[in-house]
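In my numbering, the protein residues as written are 678 to 1110.
Ideal Cβ placement from N, Cα and C applies to all residues, glycine included.
In this text, all values refer to a predicted model and were calculated from it rather than measured experimentally.
Heads up, the thing below is written out as structure tokens.
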Ligand code: PMP
């Protein structure tokens, strides 16, 4: 039997950092990442045969749990008819229809393969549609590795404490204004100075890539009003929250009740059911600016891939209101248990919660975490021993304090018990860090 350490050494000899996506390298928590060979329900198994309760869930896609029978069956059925056609299929309209049916203001959907492609295209479309160049983003929000959006981005850049990426021309990020999240004064100032040049504001519906940060009440609605007034577009990135925070993403918990819609949504993760599928979506008036109808070019050999589309349809069809209620309840239970364990160990913290998504921030109980500066100021080092204690006890957490914890419909009582049982020792480890 090969060990995780052996697999990691082999991987490092052939791939940069031994990984194909940076946070998988355990850069901030250190140690050897488990090399996984199986994922079923709420569990993953590594090459050494160790089984973990998973709270990463492929970083969000596995909403129903890993390898849900309905999704696997849909994939098998699709595979039997071919892997890729490079031509249109009936299933694409079906998936697009499921997205449009749940989200407000969506008349057209373009399917792509990754969240990065979705946000990249949304930004290009916003620029093409408005004839303007400037993009406003918020520090700590991550929208994929799009050149223009790799300024003060969260996720792996937060984990590695990078301000941006080498290889992105200054001229590109010069067209991106980075503002503190939840800061209406900064938004006002940006619009006052550059209003007529701003193509779009892009924001995570609820930021989950600097840890979870709750948009203050009315903040997203405020962005909607501000962009409308200036003739700019509002892009709401629901790649992570989409069809997870509710049947209509985090927007379903805010915009739907407040009565506003963005100009463009971006989706990924859940809509692919674990296969590569993502999308941008919005009203026909804007979306029809995309080729072949309009002048904004975008294309993809594997876009709308039949196997990915089948997985996405199956997952969305099984994402019932009971399923969301179950994940919401599990999330509340875990938040309570986590806080209780940390309090018992005397570890100052705040739970960062947006719907059923949450993360923990250490040493922040007094001020809370309202933006990226707050997130970075926390006692992040406490997460390392906490994480390793949980891993040792068979619970696979995100390997960075700047990531959300993901539950699924497959997290049953037994899985929850295993997590809860592991928490006190992990909390004590965090206390002594
Ligand atoms: N937007 C958000 C909000 C995300 O969380 C992510 C990925 N975590 C992306 C975009 C990029 O998606 P992908 O990794 O599929 O390119």
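Reference residue i, options the options, closest by Cα
{"i": "residue 878", "options": "700, 1024, 839 and 943", "result": "943"}
{"i": "residue 897", "options": "782, 703, 913 and 1103", "result": "913"}
{"i": "residue 959", "options": "709, 730, 1059 and 780", "result": "780"}
{"i": "residue 870", "options": "811, 859, 889 and 831", "result": "811"}
{"i": "residue 930", "options": "962, 895 and 949", "result": "895"}
{"i": "residue 918", "options": "728, 1080, 1096 and 967", "result": "1080"}
{"i": "residue 1120", "options": "1046, 1087, 1107 and 1042", "result": "Because the chain in this structure spans residues 678 to 1110, residue 1120 falls outside the shown range and cannot be described."}
{"i": "residue 991", "options": "746, 839, 719 and 726", "result": "746"}
{"i": "residue 908", "options": "885, 889 and 875", "result": "875"}
{"i": "residue 715", "options": "730, 709 and 702", "result": "730"}
{"i": "residue 1076", "options": "685, 683, 1003 and 699", "result": "699"}
{"i": "residue 967", "options": "830, 806, 701 and 1057", "result": "806"}
{"i": "residue 1085", "options": "873, 1070 and 1008", "result": "1008"}
{"i": "residue 809", "options": "873, 842 and 831", "result": "873"}
{"i": "residue 961", "options": "940, 954 and 975", "result": "940"}
{"i": "residue 727", "options": "696, 711 and 928", "result": "711"}
{"i": "residue 972", "options": "820, 692, 804 and 843", "result": "804"}
{"i": "residue 865", "options": "837, 886, 899 and 1036", "result": "899"}
{"i": "residue 860", "options": "845, 851, 890 and 840", "result": "890"}
{"i": "residue 1018", "options": "1105, 1044 and 771", "result": "1105"}
{"i": "residue 904", "options": "880, 885 and 886", "result": "880"}
{"i": "residue 739", "options": "993, 1029 and 1036", "result": "993"}
{"i": "residue 1082", "options": "1030, 827 and 1095", "result": "1030"}
{"i": "residue 1090", "options": "1004, 681, 687 and 691", "result": "1004"}
{"i": "residue 933", "options": "778, 757, 702 and 1094", "result": "778"}
{"i": "residue 1093", "options": "1036, 1028 and 1015", "result": "1015"}
{"i": "residue 765", "options": "995, 976 and 1103", "result": "976"}
{"i": "residue 769", "options": "956, 756 and 1095", "result": "956"}
{"i": "residue 748", "options": "995, 1057 and 1095", "result": "995"}
{"i": "residue 1057", "options": "862, 1013, 863 and 838", "result": "838"}
Within 9 Å, strictly: CB atoms of residue i and residue j
{"i": "residue 763", "j": "residue 978", "result": "yes"}
{"i": "residue 964", "j": "residue 794", "result": "no"}
{"i": "residue 707", "j": "residue 694", "result": "no"}
{"i": "residue 982", "j": "residue 760", "result": "yes"}
{"i": "residue 1074", "j": "residue 733", "result": "yes"}
{"i": "residue 1000", "j": "residue 775", "result": "no"}
{"i": "residue 1065", "j": "residue 1042", "result": "no"}
{"i": "residue 1088", "j": "residue 719", "result": "yes"}
{"i": "residue 926", "j": "residue 882", "result": "yes"}
{"i": "residue 984", "j": "residue 952", "result": "yes"}
{"i": "residue 947", "j": "residue 920", "result": "yes"}
{"i": "residue 1021", "j": "residue 892", "result": "no"}
{"i": "residue 1097", "j": "residue 1011", "result": "yes"}
{"i": "residue 1055", "j": "residue 1040", "result": "yes"}
{"i": "residue 1053", "j": "residue 835", "result": "yes"}
{"i": "residue 796", "j": "residue 821", "result": "yes"}
{"i": "residue 1006", "j": "residue 790", "result": "no"}
{"i": "residue 986", "j": "residue 771", "result": "yes"}
{"i": "residue 845", "j": "residue 827", "result": "yes"}
{"i": "residue 717", "j": "residue 735", "result": "no"}
{"i": "residue 1036", "j": "residue 818", "result": "no"}
Assumed close pair residue i, residue j - CB separation to whole angstroms, cut-off 8 Å
{"i": "residue 773", "j": "residue 786", "result": "4 Å"}
{"i": "residue 857", "j": "residue 1038", "result": "Residue 857 to residue 1038, Cβ: 16 Å. No contact."}
{"i": "residue 825", "j": "residue 798", "result": "That pair is no contact at about 12 Å."}
{"i": "residue 802", "j": "residue 980", "result": "Going by Cβ atoms, the distance from residue 802 to residue 980 rounds to 15 Å, so no, they are not a contact pair."}
{"i": "residue 923", "j": "residue 1032", "result": "6 Å"}
{"i": "residue 721", "j": "residue 888", "result": "Not confirmed; about 22 Å, so no contact."}
{"i": "residue 724", "j": "residue 679", "result": "5 Å"}
{"i": "residue 911", "j": "residue 901", "result": "5 Å"}
{"i": "residue 816", "j": "residue 829", "result": "4 Å"}
{"i": "residue 823", "j": "residue 867", "result": "Going by Cβ atoms, the distance from residue 823 to residue 867 rounds to 20 Å, so no, they are not a contact pair."}
{"i": "residue 988", "j": "residue 949", "result": "6 Å"}
{"i": "residue 1110", "j": "residue 1059", "result": "5 Å"}
{"i": "residue 1099", "j": "residue 1063", "result": "Residue 1099 to residue 1063, Cβ: 10 Å. No contact."}
{"i": "residue 709", "j": "residue 702", "result": "At roughly 10 Å, the Cβ-Cβ gap does not stay under 8 Å, so residue 709 and residue 702 are not in contact."}
Practice problem: Starting from the N-terminal end, write out each residue whose C-beta falls within a distance shorter than 5 Å of any non-hydrogen atom of ligand 1. | Solution: 791, 792, 793, 820, 821, 881, 914, 916, 917 and 945
Self-check item: Completely contained alpha helix (DSSP H) runs for the segment 1040-1067, where each covers 4 or more residues
Solution: 1049-1053
Self-check item: Entirely enclosed beta strand (DSSP E) segments - the segment 802-886, minimum 3 residues
Solution: 811-815, 853-856 and 875-881
Quiz prompt | beta strand (DSSP E) runs wholly inside the segment 1009-1044, at least 3 long, in chain order | solution = 1026-1031 and 1034-1039
Quiz prompt | Length at least 3, wholly inside the segment 698-740: the beta strand (DSSP E) runs in chain order | solution = 713-717, 720-723 and 728-731
Quiz item: Unbroken alpha helix (DSSP H) runs of length 4 or more, entirely within the segment 876-944: which are they?
Solution: Counting only runs of 4+ residues, the alpha helix (DSSP H) found wholly inside the segment 876-944 occupies 896-907 and 932-935, in chain order.
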